[in-house]
Amino acid sequence: MSEAATSLAGEVAWKADLGASPGGGPVVLEDVVYAGNVDGCMHAFSASDGAPLWDRCLGAPVSSTPSIAGHLIYFGMLDGRITALDRDDGSEVWTFRADAPVRSSPAVVDGVLYAGSSDRRLYALDALTGEERWSFATEGRITSGPAVNERLVVVVSQDNLVHFIDKHTAKRWFDYETSLADGSAAIAGDSVYAADISGTVRRVRWENRQWPFEKSIRNIRRWMFRWGMLDELPPQKGVVWVRQERGESFIQTPAVDSERAYVSTAGGTVFAYDKQTGDTVWQTHLGASAATSPTVIGGEVVVGTQSGTIASVDAATGEIRWRIEPGGGAILGVAVGADALYATGASGLLVEIR
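Numbering (this note's numbering), first residue to last: -5 to 348.
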C-alpha cells in the first residue's frame, strides 16, 4: 500500500514508451521512474517530463515490479534471475539465480531482500551482494511479493496457504489456510490482510504463533466436523474477522489505511471494509475487471482496469471522483510519487497522472 499527501485531478501530464509490454508496474523515487519490459530491459525516466535517462537490457523478460533500496533497484526475471542494478546508471551490481521464474516483486528490509520463485521457495538474500542467507520451501509456486515487518516475512503460495516465517531464523511461525490466492498479503500493525479467488478476505493477527500440535488438533476437529460429530468448523488461530463476497473473486493485494481495507475483484468491484470490524463500508463497480491492486493516495483509492481505464474512488464514500483512459491498453501497475501517479499499460505505455 502506498500513500501520497495530495489528491489528484486525473489529468495526464506526460507519456513515455517502454518499447515492449511491461513486466509489471513502475516504481518511483527521487524524481526518477523505473519500469521493466518483456524484452528484458529496465528503463529509467525523468519523473518531471518522462525523458529517458538510461536503459539496461539483460536478455530475458523482466517479470516483476521492481523495488528500490538505497542506491540499488531490484527485480525478478522470467529465467529465474533476481537482479540488482545501480539506479543511477543501470550498471549491473549482482545477480542471483533461482531454479524457476521470479514473478514476485522483491521486498527489501534492513539490508535483506526477500523474493519468491516458481521453484516453490522464498529466498532471503543480502541486498548489497546477492548472497543467499536462507531459503524456505513451500508446496506451491510463489508468484506474489512477500510482506515484511520487524519479525516476520508473510508470503502467499499456490498451495492455498499464507506462510508466516520468522525472518531471523527462517522457521515457520504459522500457516493460514485460504483458497487459491493471486495477490500478496498486506501487513498493517498487528495484523495481516489477505484475500483469495473465492471472494474471501480476512484479517489475521500475526503475533499468534502456531505450534505443531495445534495444527494436528485442528485437522482432527475438521474431519470430525465433516463426519457430523461437530456442529461448527473449528476456526483458525489468530482470525479477527472473515468476510466472503459470493460470486466475486479477489485477485489482487489488499490495501490498508488507518480506517479501512480495500480489495478489488475480477468482476470490477472495489470493496471497502472497516479495518476493525470487517463490516462493509461501501462497494463500487468500476465497469471493467480490475487489473491492479488498489492504491491509496490521500483520500482516494486508485485502481487500473483490464479495459485500460484508471479510476479514482473516494476512500470514505466509494464515489468515483474521476476516470481516465490513457490509451495504452490494460493497466498493469501503478506507483505513487510525491504529487503524481505513474502507471504502465500493456502496450508499453508509461504515463504520469496529476
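All C-beta atoms in this analysis are idealised placements derived from N, C-alpha and C, irrespective of residue type, glycine included.
- For Asp268, the three-state secondary structure derived from DSSP is strand.
- Straight through space, the alpha carbons of Arg199 and Tyr336 are spaced by roughly 32 Å.
- Between the region 90 to 109 and the region 65 to 78, the count of C-beta pairs closer than 8 Å reaches three or more; the two stretches touch.
- Spatial neighbours of Asp82 in its own chain (CB-CB distance under 8 Å, excluding positions within 5 residues in sequence) are listed in chain order as His65.
- Excluding its 5 nearest sequence neighbours in each direction, Ile191 has C-beta neighbours in its own chain below 7 Å: Ser173, Leu174, Ala175, Asp176, Ser243, Phe244, Ile245, listed in chain order.
- Pairing Ala54 with Val32 gives a Cβ-Cβ distance that is not under 7 Å.
- When the alpha-carbon of Leu72 is set against those of Leu122, Ala340, Pro16, the nearest one is in Pro16.
- DSSP, read as helix, strand or coil, puts Gly339 in strand.
- Distance from the CA atom of Glu201 to the CA atom of Gly322, rounded to whole angstroms, is 43 Å.
- Under DSSP, Val307 shares a beta bridge with Val295, Ile314.
- With a threshold of 16 other beta carbon atoms within 10 Å, Gln230 meets it and is buried.
- Note on Gly183: under 16 other CB atoms within 10 angstroms of its CB, so exposed under the neighbour-count rule.
- Distance between Gly312 and Lys165, taken at the CA atoms: about 41 Å.
- Cβ neighbours of Val295 within its own chain (closer than 6 Å, five residues either side excluded): Tyr256, Pro288, Val307, Ala309.
- For Gln238, the enclosing beta strand (DSSP E) stretches over residues 233 to 238.
- Taking the Cα positions, Ala131 is about 22 Å away from Asp104.
- Taking C-alpha positions only, Asp49 is separated from Phe39 by approximately 9 Å.
- Nearest to Gly342 by C-alpha distance, out of Ser1, Ala3, Ala10, His279, is Ala10.
- Contact between Gly4 and Ile347 is confirmed by a C-beta separation of about 7 Å, below the 8 Å threshold.
- Shown here for Thr194: same chain residues with a beta carbon closer than 6 Å to its own, the five before and five after excluded, namely Gln238 in chain order.
- Note that the C-beta distance between Val233 and Ala180 is not below 7 Å.
- Inter-residue distance for Gly139 and Phe158 is about 13 Å (C-alpha atoms, whole angstroms).
- Spanning the alpha carbons of Thr338 and Phe265 requires a straight line of approximately 23 Å.
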